[in-house]
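K.L.:
First the structure, then my questions, so here it is.
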Amino acid sequence: MQANSLVLDHVSKHFTQPNNGAALQVLDDIALNIAPGEFISIVGASGCGKSTLLRLILGLESEFEGQILLGGRAIRGTGLERGIVFQDHRLFPWLNVRDNIAVGLKNSPLASAAKQQVVREHLALVGLERFAEAYPHQISGGMAQRVAIARGLVNRPSVLLLDEPFGALDALTRARLQNELQRIWAQENITMVLVTHDVEEAVFLGDRVVVMQPNPGRIKRIVDVGLPHPRQRSDARLVALRDDVLGDFLDA
Numbered sequence: 009m010q011a012n013s014l015v016l017d018h019v020s021k022h023f024t025q026p027n028n029g030a031a032l033q034v035l036d037d038i039a040l041n042i043a044p045g046e047f048i049s050i051v052g053a054s055g056c057g058k059s060t061l062l063r064l065i066l067g068l069e070s071e072f073e074g075q076i077l078l079g080g081r082a083i084r085g086t087g088l089e090r091g092i093v094f095q096d097h098r099l100f101p102w103l104n105v106r107d108n109i110a111v112g113l114k115n116s117p118l119a120s121a122a123k124q125q126v127v128r129e130h131l132a133l134v135g136l137e138r139f140a141e142a143y144p145h146q147i148s149g150g151m152a153q154r155v156a157i158a159r160g161l162v163n164r165p166s167v168l169l170l171d172e173p174f175g176a177l178d179a180l181t182r183a184r185l186q187n188e189l190q191r192i193w194a195q196e197n198i199t200m201v202l203v204t205h206d207v208e209e210a211v212f213l214g215d216r217v218v219v220m221q222p223n224p225g226r227i228k229r230i231v232d233v234g235l236p237h238p239r240q241r242s243d244a245r246l247v248a249l250r251d252d253v254l255g256d257f258l259d260a
């Protein structure tokens with residue numbers, strides 16, 4: 009096993025329904041090995057357990073079958089080695105951009121001066137140096153999501169989890185931030201796991217696309233994209249892969 013590899017070892021998850029106490033299985037036998045620095049896209053219809061899977065990797069859910077290993081160690085609870093970006097940027101409106109990024113360092117052992125330096129580096133990483141003093145209501149939705157990405161990365165985690173991070177944005181802003189995420193991933197050499205409903209986004213960004221199906225959520229197949237970064241959306245090979253994956257849902 010490679011250092012900092014992420015392994016989902018036959019993971020299953022069920023919830024107990026409050027009305028009758030019956031078990032509702034939401035994930036069934038998820039097995040996936042993710043190499044360090046790999047970009048994995050997880051795509052599937054609503055209800056296939058994509059976001060639940062991210063919650064398990066993040067450590068927000070402790071009750072499940074199987075195991076999740078990071079660098080050979082079982083995940084137990086949340087940790088600084090795993091960051092997350094949600095669809096809603098979740099910025100604190102009373103904090104400026106710099107301080108919102110610094111929130112990610114709350115539990116960091118770094119000294120104050122080192123924290124300030126790391127925040128400056130991540131402001132530069134997402135191109136927001138000029139907006140460090142701005143408040144969330146003074147910046148666009150796309151810029152706010154860049155702040156959220158910087159906050160997710162500021163601890164320099166081994167893995168960044170992305171739960172529909174661009175789902176609330178308009179098409180042009182979404183495309184621009186997909187390009188930005190591609191650049192940041194290449195620059196930071198970090199493992200990224202993206203959950204999305206957008207098949208084009210999944211294929212454009214991912215090294216592999218994990219196609220899930222629901223009831224209960226399970227892996228239908230894994231598609232190797234096999235194209236170098238940076239990518240062009242008009243690449244006929246990407247378009248063919250997108251149509252291939254879309255077929256999994258159109259034929260359902």
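Note that my numbering numbers the sequence shown so that position 184 is 192, with each residue one more than the last.
All residues carry an ideal CB built from backbone N, CA and C; glycine is no exception.
(1) Compare the C-alpha of Asp171 against each of Ile83, His205, Ala31 and Gly87 and name the closest.
(2) DSSP on Phe257, reduced to helix/strand/coil?
(3) Leaving out the 5 sequence neighbours to the left and right, which residues in its chain are closer than 8 Å to Glu141 when beta-carbon positions are compared?
(4) Can you tell me where the beta strand (DSSP E) with Gly74 in it begins and where it stops?
(5) Around the Cβ of Met9, are there at least 16 other Cβ atoms within 10 angstroms (buried) or fewer (exposed)?
(6) State the Cα-Cα distance for the pair Ala263 and Met151, rounded to the nearest angstrom.
(7) Which residues in the same chain have their Cβ closer than 8 Å to the Cβ of Asp96, if we skip the five residues on either side of it in sequence?
(8) In the DSSP output, what is Gly175 paired with across the bridge?
(9) Starting from the C-beta of Gln25, find all residues in its chain whose C-beta is less than 7 Å away, skip the five residues before and the five after it, and write them out in chain order.
(10) What first and last residue would you give for the alpha helix (DSSP H) that runs through Val218?
(11) I'd like to know whether the C-beta atoms of Ile198 and Leu168 end up nearer to each other than 9 Å.
(12) Name the DSSP bridge partner or partners of Leu68?
(13) What does a CB cutoff of less than 8 Å around Arg154 pick up in its chain, not counting 5 residues either side in sequence?
(14) Quick one: using the 10 Å Cβ neighbour count with 16 as the cut-off for buried, is Lys58 buried or exposed?
(15) With a threshold of 7 Å on Cβ separation, who are the neighbours of His237 within its own chain once the five nearest residues in sequence on each side are excluded?
(16) Assuming Val217 contacts Val247 (C-beta within less than 8 Å), just tell me the rounded distance between them.
(17) Taking only the alpha-carbon atoms, compute the straight-line gap between Ser120 and Pro165 and give it to the nearest angstrom.
(18) Excluding the five sequence neighbours on either side, which residues of its own chain have a C-beta within less than 8 Å of the C-beta of Ile109, listed in chain order?
(19) Closer than 8 Å to a non-hydrogen atom of the ligand PLP - does that hold for the CB of Ala183?
(20) Along the beta strand (DSSP E) that carries Ala39, what are the first and last residues, could you check?
(21) Throw me the rounded Cβ distance for the Val34 and Phe23 pair, which I believe falls under 8 Å.
(22) Which of the three DSSP states is assigned to Ile192 in this structure?
(23) Run through DSSP, which three-state label would Ser13 get?
(24) Using three-state DSSP, classify Ala140 as helix, strand or coil.
(25) Candidates Ile38, Leu40 and Gly52: which alpha carbon is nearest Ala210's?
P.N.:
So, to answer that:
(1) His205
(2) helix
(3) Asn104, Val105 and Arg106
(4) Glu73 to Leu78
(5) For Met9, the predicted structure reports a pLDDT of 47, less than 50, and the residue's modelled location is therefore unreliable. The matter cannot be settled from this model.
(6) As displayed, the chain neither begins before 9 nor continues past 260, which places residue 263 out of reach and without an answer.
(7) Ala176
(8) Partner(s): none; Gly175 has no beta bridge.
(9) Leu32
(10) Note, Val218: premise wrong, no alpha helix (DSSP H); beta strand (DSSP E) at Arg216 to Gln221.
(11) yes
(12) Paired residue(s): none; Leu68 is not in a bridge.
(13) Val134, Gly135, Leu136, Leu185 and Glu188
(14) buried
(15) Gln190 and Ala194
(16) Their Cβ separation, rounded to whole angstroms, is 14 Å, which puts Val217 and Val247 out of contact at 8 Å.
(17) 19 Å
(18) Val127, His130, Leu131, Val155, Ala158, Arg159 and Val162
(19) In the structure shown, the ligand PLP is absent, as is every other ligand, since no ligand is present at all.
(20) Ala31 to Ile42
(21) 6 Å
(22) helix
(23) coil
(24) coil
(25) Gly52
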